[in-house]
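Enquirer: Using the numbering used here, you'd call the opening residue of the sequence shown number 13 and step up by one each time.
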Amino acid sequence: MPTIPSIRTSIENQSVLIRDPHAKNGQFLRDAKGRLRSYSGGFTVVYPYTSNGEKWAFRCWHAELGNVRKRFDVISKAIQRAKLPYLCDFVYTDEGIVVDGKIYPTTRMRWVEGVTIKDYICKHKNSKSKLLALADNFLALTTDMHRNKFAHGDLQHGNIIVNDNGELFLVDYDSFYCPSLKGEPEIITGLKDYQHPARRNNLIVSEKLDYFSELIIYLSILAIAHNPALVDKYQVKDAERMLFSADDFSNIKHSDIYKDILDLGQEFVVYLQILEIYLSKTSLSDLEPFDVLLERLTKDPVINKFSASCGKKTLNGKSIVLSWDVENYTQILLDGKDVTTQISNTLTINSSTTYTLTVINGHKRTSKSIKVSSFASPAVAVTASKTKLHKGRNESVSINWGVQNAEKITLLQDGVPVDKKCGHDDSYKCSIKDTTTFTVQALALDGKTTFSDSVTVEVHPDAKFKFESDKEYAFPTIPFTLSWTTKHAKRVELNGKKVADNGTEIIKKGVDKDTTYTLAVTDEFGTKESSITIKMLPVPRINALLVPTPDIQQTITMNVDLKLPNITVSSLDTQLQEVELIGASLYNTELEAIETPQYIDLQYKLKTPTLWQKIEKSIAKLLHKNENR
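#1: Which complete beta strand (DSSP E) runs does the segment 372-456 hold, if anything under 3 residues is left out?
#2: Across the segment 444-461 and the segment 415-423, are there enough close Cβ pairs to call them in contact, namely three or more that are closer than 8 Å?
#3: At 3 residues or longer, what runs of the beta strand (DSSP E) sit wholly inside the segment 101-146?
#4: Cβ atoms of Glu-107 and Arg-31: under 9 Å apart, would you say?
#5: Run through the segment 188-253 for me and flag every whole alpha helix (DSSP H) of 4 or more residues, listed as ranges in chain order.
#6: For Thr-119, does the count of other Cβ atoms within 10 angstroms reach 16, so buried, or fall short, so exposed?
#7: Looking at the unbroken beta strand (DSSP E) that takes in Asp-337, where does it start and where does it end?
#8: When you compare each of Ser-52, Leu-99, Val-333 and Ser-389 to Ile-382 by their alpha carbons, which one comes out closest?
#9: Taking its Cβ as the centre, do 16 or more other Cβ atoms sit within 10 Å of Ser-466, making it buried, or is it exposed?
#10: Would the segment 117-133 and the segment 205-213 be scored as touching if the rule is three or more Cβ pairs under 8 Å?
#11: Using only alpha-carbon positions, find the residue among Cys-190, His-500, Asn-417 and Ala-512 that is nearest to Phe-84.
#12: Using only the alpha-carbon positions, how far apart do Thr-447 and Val-533 sit?
#13: Can you tell me which residues form a DSSP beta bridge with Glu-470?
#14: Can you have a look at Gly-93 and say buried or exposed, based on whether 16 or more other CB atoms are within 10 angstroms of its CB?
#15: Would you check if the distance between the CB atom of Leu-144 and the CB atom of Tyr-132 is smaller than 9 Å?
#16: What does the alpha-carbon distance come out to for the pair Glu-541 and Ser-439?
#17: Can you tell me where the alpha helix (DSSP H) with Pro-33 in it begins and where it stops?
#18: With a cut-off of 8 Å, do at least 3 Cβ pairs link the segment 481-500 to the segment 509-528?
#19: Of the choices Asn-406, Val-415 and Ser-331, whose alpha-carbon is the least far from that of Ser-443?
#20: On the three-state DSSP scale, how would you describe Asp-465?
#21: Residue range of the beta strand (DSSP E) that Thr-539 falls in?
#22: For a cutoff of 9 Å on Cβ pairs, would you count Glu-125 as touching chain B?
#23: Where does Ser-27 sit, in a helix, a strand or coil, going by DSSP?
#24: Rank Val-248, Pro-429 and Pro-473 by C-alpha distance to the C-alpha of Lys-445 and give the top, closest one.
#25: Is the segment 322-340 touching the segment 253-261 in the sense that three or more CB pairs, one from each, lie closer than 8 Å?
#26: What residue range does the beta strand (DSSP E) around Glu-505 cover?
#27: Can you give me the C-alpha to C-alpha distance between Glu-24 and Val-110, rounded to a whole angstrom?
#28: According to DSSP, simplified to helix, strand and coil, what is Ser-267?
#29: What's the gap between the Cα of Ile-544 and the Cα of Phe-450?
#30: Just curious, the beta strand (DSSP E) that Phe-492 is in, first and last residue?
#31: Measuring straight from C-alpha to C-alpha, what distance separates Leu-274 and Leu-182?
#32: With a threshold of 8 Å on Cβ separation, who are the neighbours of Asp-437 within its own chain once the five nearest residues in sequence on each side are excluded?
#33: Tell me the residue span of the alpha helix (DSSP H) that contains Glu-307.
#34: When the Cα atoms are used, what is the spatial distance from Gln-343 to Gly-53?
#35: For Leu-549 and Ala-486, what's the separation of their Cα atoms in angstroms?
#36: According to DSSP, Ile-519 sits in a beta bridge with which residue or residues?
What follows is the structure in structure tokens.
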């Protein structure tokens, strides 16, 4: 940025270095020594000049002020459109002046003849009428600014000019706000004696920048109008403030100026209450215009509505919302707790309670109470005499329940109310064909909350099954087949091993002893079993056949005529086709006589003892006949 001496040099060469045509052709003012008149600030230096009989202020920046080009172009256009009498003609020029070979923007503002508002107050401190008129004019100015959603941004005595007619003008628009600048960063925070403590932490500009400053200035004018001695007591003329200082804002009720203004009478109580409300806020965004608050506070406080979300009844432990609609207040209390910034409050209730809302306006107040009755929640327990029934048996079941803290009890069967007047401890007996859910519904004592408990009674068919073997008797190495079919089974096991619901199993090695096979079928009601024992057919064996050798020298021919019996095993007819003999054949077996008695060992395998008994009898007969010969 250029230096002030460099800017002055360019002004001295206005015909060459000033680009703004209006200022270029103007007559810059000089003091008695011929030096340019100027007024320096923290960011700009101002050079007054005249053009066509009008006085103007030519402003040049000597310090960085953010995005000057965008900001002041927007401000200039907004002010020109508004045409408000207290806003001076303000023109932004993007290429206003050349300094040290570089082009910089400038602004020019119509010069207003007059004095600062502080000087005007000090001059007319003993004229109550003039100061009251000044206060009215200032209030009208602020109201008009609010209507246009404008904010000066640095509202203080040095930026408010009063002419001889008591008319007010705002000057210095470096921190000016208009709606087109919404969301822009804060640049200038203003004099601290006029600013809310939260202003130093404010980041974004808004139309609320002046609300606090407006109250401080308005209240100072009124206080001095009623007590001119305050000017001297607080050395207003020589201070960079009016009556209030930044130190007062840290503990306003204990400040001297608060006490002095409070002594001025009831009229000032409301203003001080507004000041307290302002200082209780931690953000500028929470502030309201003081004129709006003032209008509100001059009327009686009103409670339009105060209600509970639950009505007049609820249950212990429930959250309820108390809400209200009030007017003309400075403070709102809920059971003594400050809820001024709220329109509702959520809380948990555990017993019947009366809530009181109090609305305060100055020394006026009004209250309204509501009582909320709280009750214990219902306790509901439902059981069934049976939880599983056999399908097709027309079995009955009893539904039993116990209920506490209920206004009404309803029994539902699969969601449909049962035509029964239900007591708190009651039962219901019925038969069902299919699975059914029974629900006991209890209406709480608040008359609207419902609690319930349910029990489901299941209806299932019994499992059916068939278990068979293709053989009742078996030999080792002779295979047999087990088979089964089931219906409505949850699990099927064969000798403890899970198997398919329907299937077969071939026992390839047969059995070498009596063996039992068990099919276990599990359904909804338990497990049922069916067993099959496969018997091992005993193998008859002739360990020794002793045949005495006759004392004759001849050949004996012995014929054994054996008819094989039919043997039935289980449902399968098995024809025994042959008898296997080891060492001799039963078919036309010839036994040769020898000189010494000797025994012939006939080894055999037969399927039944009865068969062998027949063979024994046949051989015995043959031998008996031979001996008789």
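Note that CB positions come from ideal geometry on N, CA and C, so glycine has one too.
Being a predicted model, the structure only gives us computed values, none of them experimental.
Expert: Quick answer:
#1: 376-387, 391-396, 400-402, 408-416, 418-425, 437-443 and 448-456
#2: yes
#3: 102-111 and 114-122
#4: Within the sequence shown, residue 31 is the residue found at index 19, counting from 1. Within the sequence shown, residue 107 is the residue found at index 95, counting from 1. Yes, these two residues count as a Cβ contact at 9 Å.
#5: 223-238 and 241-245
#6: Here residue 119 refers to the residue found at position 107 when the sequence shown is read from its first residue. With 16 or more other Cβ atoms within 10 Å, it is buried.
#7: The residue labelled residue 337 in the question sits at position 325 within the sequence shown. Asp-337 -> beta strand (DSSP E) spans 330-339.
#8: As a position in the sequence shown, residue 382 is number 370, starting the count at 1. Closest option to Ile-382, Cα to Cα, is Val-333.
#9: For this step, residue 466 is matched to residue 454 along the sequence shown. Exposed is the call here.
#10: no
#11: Within the sequence shown, the letter at position 72 stands for residue 84. Closest option to Phe-84, Cα to Cα, is Cys-190.
#12: By one-based count along the sequence shown, residue 447 stands at place 435. By one-based count along the sequence shown, residue 533 stands at place 521. Approximately 22 Å, taken between the alpha carbons.
#13: Locating residue 470 in the sequence shown gives position 458, counting from the first residue. Note: Glu-470 sits in a beta bridge opposite Lys-400.
#14: As a first step, residue 93 must be located in the sequence shown, where it is residue number 81. Residue identity differs from the one stated: residue 93 is Arg in this sequence, not Gly. Exposed: under 16 other Cβ atoms inside 10 Å.
#15: Position 132 of the sequence shown, counted from the start, is the residue given in the question as residue 144. Position 120 of the sequence shown, counted from the start, is the residue given in the question as residue 132. For Leu-144 and Tyr-132, no; Cβs fall outside 9 Å.
#16: Counted from its first residue, the sequence shown places residue 541 at position 529. Counted from its first residue, the sequence shown places residue 439 at position 427. Approximately 37 Å between the Cα atoms of the pair.
#17: For the purposes of this step, residue 33 is taken as residue 21 along the sequence shown, with counting starting at 1. Looking at the DSSP string, the run of the alpha helix (DSSP H) that includes Pro-33 is 33-36.
#18: yes
#19: To locate residue 443, count along the sequence shown from 1; it is residue 431. Nearest option by C-alpha distance: Asn-406.
#20: On the sequence shown, position 453 is the one that residue 465 refers to. DSSP places Asp-465 in strand when its eight states are reduced to three.
#21: Residue 539 sits at position 527 when you count from the first residue of the sequence shown. Unbroken beta strand (DSSP E) run through Thr-539: 538-548.
#22: Going by chain labels, chain B is absent from the structure shown, which holds only one protein chain.
#23: Sequence index remark: in the sequence shown, residue 27 carries index 15 (1-based). In this structure, Ser-27 counts as helix in the three-state DSSP scheme.
#24: Residue mapping note: residue 445 aligns to position 433 of the sequence shown, counting from 1. For the residues Val-248, Pro-429 and Pro-473, the minimum Cα distance to Lys-445 belongs to Pro-473.
#25: no
#26: Walking along the sequence shown from the start, residue 505 turns up at place 493. Element bounds for Glu-505: 503-506.
#27: Stepping through the sequence shown from its first residue, residue 24 is reached at position 12. Stepping through the sequence shown from its first residue, residue 110 is reached at position 98. Each residue's Cα considered, the two are about 12 Å apart.
#28: By one-based count along the sequence shown, residue 267 stands at place 255. Here Ser-267 sits in coil by DSSP.
#29: One-based indexing of the sequence shown puts residue 544 at position 532. One-based indexing of the sequence shown puts residue 450 at position 438. The alpha-carbon atoms of Ile-544 and Phe-450 are separated by roughly 44 Å.
#30: Counting from one through the sequence shown, the residue named residue 492 turns up at place 480. Per DSSP, Phe-492 belongs to the beta strand (DSSP E) from 492-499.
#31: The residue labelled residue 274 in the question sits at position 262 within the sequence shown. The residue labelled residue 182 in the question sits at position 170 within the sequence shown. In a straight line, the C-alpha of Leu-274 is about 30 Å away from that of Leu-182.
#32: The residue labelled residue 437 in the question sits at position 425 within the sequence shown. Answer for Asp-437: Trp-413, Gly-414 and Val-415, listed in chain order.
#33: Taking the sequence shown and counting its residues from 1, one reaches residue 307 at position 295. Glu-307 -> alpha helix (DSSP H) spans 302-309.
#34: As a first step, residue 343 must be located in the sequence shown, where it is residue number 331. As a first step, residue 53 must be located in the sequence shown, where it is residue number 41. For Gln-343 and Gly-53, the distance between alpha carbons rounds to 41 Å.
#35: Walking along the sequence shown from the start, residue 549 turns up at place 537. Walking along the sequence shown from the start, residue 486 turns up at place 474. Distance between the alpha carbons of Leu-549 and Ala-486 is about 6 Å.
#36: Counting from one through the sequence shown, the residue named residue 519 turns up at place 507. In DSSP, Ile-519 forms a bridge with Phe-492.
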